[in-house]
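Everything below concerns the one structure shown next.
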Amino acid sequence: MKASDLFVQCLEAEGVERIFGVPGEENADLMMSLENSKIEFVLCRHEQAAAFMADGYGRLTGKAGVCLSTLGPGATNLVTGLADANMDRAPTVAIIGQGSTRRLHKESHQNMDAIEMLRPVSKWAFSVHRGDAIPEMVRKAFKIAEQEKPGVTVLELPEDVAKEDVAREPIPSHKTRRAAADHKAVKAAVEAIVHAKNPVILSGNGALRKRAAKQLRRLATKTGIAAINTFMGKGAISRQDPHCLFTIGLQQRDHANAALDAADVVIAVGYDLVEYAPSHWNKRGGKTIIHIDFEPAEVDEDYDVDVEVVADIADALWQIN
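Have a look at this one:
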């Protein structure tokens, strides 16, 4: 089997439905392999558009969106879209072409180290140097892109590697179950909420997960605590919900800002510091913060967490409820 055919089979095994991109000569074998696949290739006018389309697909579906470019200028054009996807925690896999490995050490047309360029805007970036490594590398790219916190991974496929004969099969993907919340942490969170005078919920991107959003709405309804969405957390609790104080942002001191200013306890659910800096709402560090997320809280002088519940968000909220 040709390596490019195996690559496409691995994409199919990951459930890829479409790829957004602008192909070039170095992607020729992969494009020919895609012709025999059910995967739809969406031709874009610019690689940046392809990256943003993959970004949007990832946000809407929860599955990694896939974009494709050729080497050199094709790869450089992906940077802005991939940086946005990575910062906004959108699962995205970028596939970039590359010249033959036999000329990578030479001064060659459009030849540049795209992997090193893309590492700062991705969670993981690597070049496929052997055709028989494709199943492992494709599986790893999708696993890393989709696991918390989601983001960008990059796979570079040199043209000579794409032509290799290989005898491998795709590695099947399996759904990973997240860890349950620690009972002591949950108890501490409940006690902090019970003793709060003016608590408020700050829901971020992580709260958009389907089961998490359901439990978040249940928490607001059961306790009567008002909830504020960040820009990246819009939809976690509906604007029509009587407990929703709409979206926090950089605007003037509106209802959402006023609620955060008055809060003594902030229940941060799936909140990411890149969404709305804690310096905007906890400058003096006087608020009690309950951090509920898939990962531990980032270190920030204005985000000094009092109670940290690190687990599957839906499970943590279910236990609190």
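Numbered by my numbering, the letters in the sequence shown go through residues 3 to 323 in order. All C-beta atoms in this analysis are idealised placements derived from N, C-alpha and C, irrespective of residue type, glycine included. Given the structure is predicted, the values throughout are model-derived calculations rather than measurements.
Asked	Found
Distance, GLY99 Cα to ASP162 Cα	10 Å
Own chain residues within Cβ distance below 6 Å of GLY235, not counting five before or after	SER205, GLY206, ASN207, ALA209
Inter-stretch contact (C-beta, 8 Å, three-pair minimum) for the segment 167-175 and the segment 134-152	yes
Proximity winner among GLU297, GLY26, LYS212, ASP306, relative to TRP283 (alpha-carbon distances)	ASP306
Reference LEU84; option with closest CA among SER71, LEU36, VAL154	VAL154
CA-to-CA distance, SER281 to GLN149, given in whole angstroms	28 Å
Ranges of the alpha helix (DSSP H) found wholly within the segment 164-242, counting only runs of at least 4	185-196, 212-225
Same chain only: Cβ atoms within 7 Å of VAL123, ignoring 5 sequence neighbours per side	VAL81, LEU84, ALA85, ASN88, VAL154
GLY11 classed as buried or exposed, judged by whether at least 16 other C-beta atoms fall within 10 angstroms	Reading off the sequence, residue 11 comes out as Gln, not Gly. The residue is buried, with at least 16 neighbouring Cβ atoms inside 10 Å.
VAL267 versus LEU247, ILE291, MET114, residue with shortest Cα-Cα distance	ILE291
With 16 other Cβ atoms within 10 Å as the buried cut-off, status of GLN217	buried
Helix, strand or coil at GLN149 [DSSP, three-state]	coil
Whole-angstrom distance between PHE54 and ARG47, CA atom to CA atom	12 Å
Integer-rounded CB distance, given that GLN50 should sit under 8 Å from ASN79	5 Å
Top-ranked residue by Cα proximity to PRO152, from ILE269, PRO93, ALA143	PRO93
Counted within 10 angstroms of its Cβ, other Cβ atoms place ARG91 as buried (16 or more) or exposed	buried
SER129 (DSSP reduced to helix, strand or coil)	strand
Run of the beta strand (DSSP E) containing ALA96, from where it starts to where it stops	94-100
ARG211 versus LYS145: straight-line alpha-carbon distance, rounded	17 Å
N- and C-terminal bounds of the beta strand (DSSP E) containing GLU42	42-45
Min CB distance ILE291 to chain B below 8 Å	Of the chains in the structure shown, none is chain B; there is only one protein chain.
Continuous alpha helix (DSSP H) stretch holding SER71: start and end	Run containing SER71: none in the alpha helix (DSSP H); it sits in the beta strand (DSSP E), 67-71.
Closest residue to ASP274 among PHE233, ASP263, PRO244 (Cα-Cα distance)	PHE233
Through-space distance from GLY60 to ARG241, alpha-carbon basis	23 Å
Whole-angstrom distance between ALA316 and LYS4, CA atom to CA atom	43 Å
Pick from ALA260, ALA164, ASP57, GLU166 that is closest to PRO201, judged by C-alpha positions	ALA260
Residue span of the alpha helix (DSSP H) that contains GLY76, given as start and end	75-78
Close Cβ partners of VAL276 (< 7 Å) along its chain, the five nearest in sequence each way excluded	MET89
Inter-residue Cα distance where the pair is GLY26 and VAL140	21 Å
Coil, strand or helix - GLU158 by DSSP	strand
Cα-Cα separation between ALA318 and ALA270, rounded to whole angstroms	12 Å
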